[in-house]
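Heads up: the structure comes next, in structure tokens.
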Amino acid sequence: MGTLEIACDESGSEGEKLIGGNTEVFAHAGVLLTEEAAAECIRETRERIRSPATEYKANHLLRSKHRAVLVWLLSPTGPIYGRARVYLADKAFFAVLKIFEIAYDGPRGEALAVELYRAGPGAFGRERWTAFLETFNEVMRGRAEAEAFDLVVAELAGVGGRAGEIVGSLGGLPARRGSIPALDPLIPAIVQAVAHWGQGTRAVSIMHDQHNGLTEERIAHIQQVAPLAGLRLADSFYEPRVQVADFLAGVARKIAEEELNGRGDRHLVELLRPYVDPASVWGDERSWTSLGPHLTPSAR
């Protein structure tokens, strides 16, 4: 069997800034289409939208007047059904998981992360909960001293209750080491794309939209932890397969973010569900019941 080349793009990427950025959800899409099939998908999208734009992006599909086009794209009779997958990450939950990866080894840490993610905002109040996550984020990005996180941990541990007990069990944060970004969800998203499409039996290469985070060093790191045959960067303006991946990543991020915040569009959520990777990093039980393929999401 030959190598599969998967076209990929992301939406909501802000590097290691997980908290306090412009988006709450990160999405990474991969599509397995021939260049001809992707070009036909773009042509049909243009025909349906009829915009003079030189390059169509996901935001065209998200406009209310083009809802029928978005429904067509995601529907079981649409051009990408069964040929695309999207990995979602709730950035706040991703941050909480990282905290517990540092403090604990194995499934106990993940279970505590889920418990704290669901209980923390109510137990501590939204403002202190956000400060807890922001401080961790800034320390791990090298923009604050580790002692700042220790102070926040001590404050929240003093609240008591189960959430306070969990926070009180956390140790100090290590100094940041190396140049591989520990908090950037892009890297685990690519690793998961290789796992999904290769299924342990096929070689996978990736054609990815241009991204500053995909340096030679980081690509080499991905190849150390995943059987990635190769990764090349392409401009979505010239590569229709990447443009289709942009469509899916962008609309998936928006649909998922709206559902996370209790404003979901039921029909669009149902259409998106078959594309969602069960390995997505998602801690909110209510929204995952709607979005996910009814498997427990986990950090990968």
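So the sequence shown is residues 1 to 300, counted in the UniProt record's numbering.
Even glycine gets a Cβ: it sits at the ideal position worked out from N, Cα and C.
Remember, predicted model here, so these are calculated numbers, not experimental data.
Beta bridge counterpart(s) of leucine 228 as assigned by DSSP: Working through the sequence shown from its first residue, we reach residue 228 at position 228. Answer by DSSP bridge pairing, in chain order: Val204.
Taking a contact to mean a Cβ-Cβ separation below 8 Å, would you say leucine 233 touches leucine 214 in this structure? For the purposes of this step, residue 233 is taken as residue 233 along the sequence shown, with counting starting at 1. For the purposes of this step, residue 214 is taken as residue 214 along the sequence shown, with counting starting at 1. Yes, Cβ-Cβ distance for leucine 233 and leucine 214 is below 8 Å.
Could you give the DSSP three-state label for tyrosine 275: helix, strand or coil? The residue given as residue 275 occupies position 275 in the sequence shown. Note: tyrosine 275 maps to helix in three-state DSSP.
Could you tell me which of Val31, Phe26, Asn22 sits nearest to valine 244, measuring between CA atoms? As a first step, residue 244 is located in the sequence shown; it is residue number 244 there, counting from the start. Of the listed residues, the one whose Cα sits closest to valine 244 is Val31.
Please classify leucine 271 as buried or exposed, where buried requires at least 16 other C-beta atoms within 10 Å of its C-beta. As a working note, residue 271 is residue 271 in the sequence shown. Burial call: buried.
Assuming aspartate 184 is part of the alpha helix (DSSP H), what are its boundary residues? As a working note, residue 184 is residue 184 in the sequence shown. Here aspartate 184 belongs to no alpha helix (DSSP H), and DSSP marks it neither H nor E.
By DSSP, does serine 287 sit in helix, in strand, or in coil? To locate residue 287, count along the sequence shown from 1; it is residue 287. Helix, per DSSP.
Between the C-alpha atoms of alanine 299 and tryptophan 129, what's the straight-line distance to the nearest angstrom? Translated into the one-based positions of the sequence shown, residue 299 becomes position 299. Translated into the one-based positions of the sequence shown, residue 129 becomes position 129. Legend: pLDDT at alanine 299 = 38, less than 50; position of this residue unreliable, no value from coordinates given.
Glycine 21 to arginine 46 span [Cα, whole Å]: The residue you call residue 21 lines up with position 21 of the sequence shown. The residue you call residue 46 lines up with position 46 of the sequence shown. The straight-line gap from Cα to Cα measures roughly 32 Å.
Buried or exposed: where does methionine 140 fall if 16 or more other Cβ atoms within 10 Å of its Cβ makes it buried? Position 140 of the sequence shown, counted from the start, is the residue given in the question as residue 140. When all chains shown are included, methionine 140 counts as buried.
For glycine 168 and alanine 95, I'd like the C-alpha separation in whole angstroms. To locate residue 168, count along the sequence shown from 1; it is residue 168. To locate residue 95, count along the sequence shown from 1; it is residue 95. So the alpha carbons of these two residues sit roughly 17 Å apart.
What are the start and end residues of the beta strand (DSSP E) that includes isoleucine 6? Locating residue 6 in the sequence shown gives position 6, where the first residue counts as 1. From DSSP, the beta strand (DSSP E) with isoleucine 6 extends over 4–11.
Rounded separation between proline 297 and glutamate 216 - CA only: In the sequence shown, counting from the first residue as 1, residue 297 sits at position 297. In the sequence shown, counting from the first residue as 1, residue 216 sits at position 216. Caution is warranted here: a pLDDT of 48 is assigned to proline 297, below 50, making its placement in the model unreliable, and the coordinate value is therefore given only provisionally. Proline 297 and glutamate 216: Cα-Cα distance of roughly 30 Å.
Beta strand (DSSP E) runs contained entirely in the region 51–138, provided each spans 3 or more residues: 84–90
Which of the three DSSP states is assigned to residue 304 in this structure? Only positions 1 to 300 of the chain appear in this structure, which leaves residue 304 out of reach.
Once DSSP output is grouped into helix, strand and coil, what is the label at phenylalanine 26? As a working note, residue 26 is residue 26 in the sequence shown. Three-state result, phenylalanine 26: strand.
Where the alpha helix (DSSP H) through glycine 168 begins and ends: The residue given as residue 168 occupies position 168 in the sequence shown. Per DSSP, glycine 168 belongs to the alpha helix (DSSP H) from 161–168.
Using the rule of at least 16 other Cβ atoms within 10 Å of the residue's Cβ for burial, across every protein chain shown, is proline 52 buried or exposed? Start at 1 with the first residue of the sequence shown, and residue 52 comes out as number 52. Label assigned to proline 52: exposed.
Taking the alpha helix (DSSP H) that leucine 32 falls in, what are its first and last residues? The residue labelled residue 32 in the question sits at position 32 within the sequence shown. Segment: none, leucine 32 is in no alpha helix (DSSP H) and carries neither H nor E.
Taking DSSP's pairing of strands, which residues face glutamate 16 in a bridge? As a first step, residue 16 is located in the sequence shown; it is residue number 16 there, counting from the start. Answer is Glu14, bridged to glutamate 16.
Quick one: any contact between the region 182–196 and the region 222–232, if contact means 3 or more CB pairs under 8 Å? yes
Looking at alanine 131: is its Cβ nearer than 8 Å to the Cβ of glutamate 138? As a working mapping, residue 131 is identified with position 131 in the sequence shown. As a working mapping, residue 138 is identified with position 138 in the sequence shown. For alanine 131 and glutamate 138, no; Cβs fall outside 8 Å.
Chain D contact for valine 242 (CB, 8 Å cutoff): As a matter of chain content, chain D is missing from the structure shown, which is built from one protein chain.
Comparing alpha-carbon positions, which option in Leu291, Glu285, Ser290 lies nearest valine 114? For this step, residue 114 is matched to residue 114 along the sequence shown. That would be Glu285, whose Cα lies nearest to the Cα of valine 114.
Three-state secondary structure (DSSP) of alanine 144: Indexing the sequence shown from 1 puts residue 144 at position 144. Note: alanine 144 maps to coil in three-state DSSP.
Where DSSP assigns a beta bridge to alanine 234, which residues make up the other side? One-based indexing of the sequence shown puts residue 234 at position 234. Answer is Asp209, bridged to alanine 234.
Let me check one thing: in DSSP terms, what residues is valine 281 bridge-paired to? Here residue 281 refers to the residue found at position 281 of the sequence shown. Partner(s): Ala89.
Count the other CB atoms, across all protein chains shown, that sit within 10 Å of the CB of lysine 65; report buried if there are 16 or more and exposed otherwise. Mapped onto the sequence shown, residue 65 falls at position 65. With fewer than 16 other Cβ atoms within 10 Å, it is exposed.
Length of the line joining the Cα atoms of asparagine 59 and alanine 154: Within the sequence shown, the letter at position 59 stands for residue 59. Within the sequence shown, the letter at position 154 stands for residue 154. When rounded, the distance between both Cα atoms is 43 Å.
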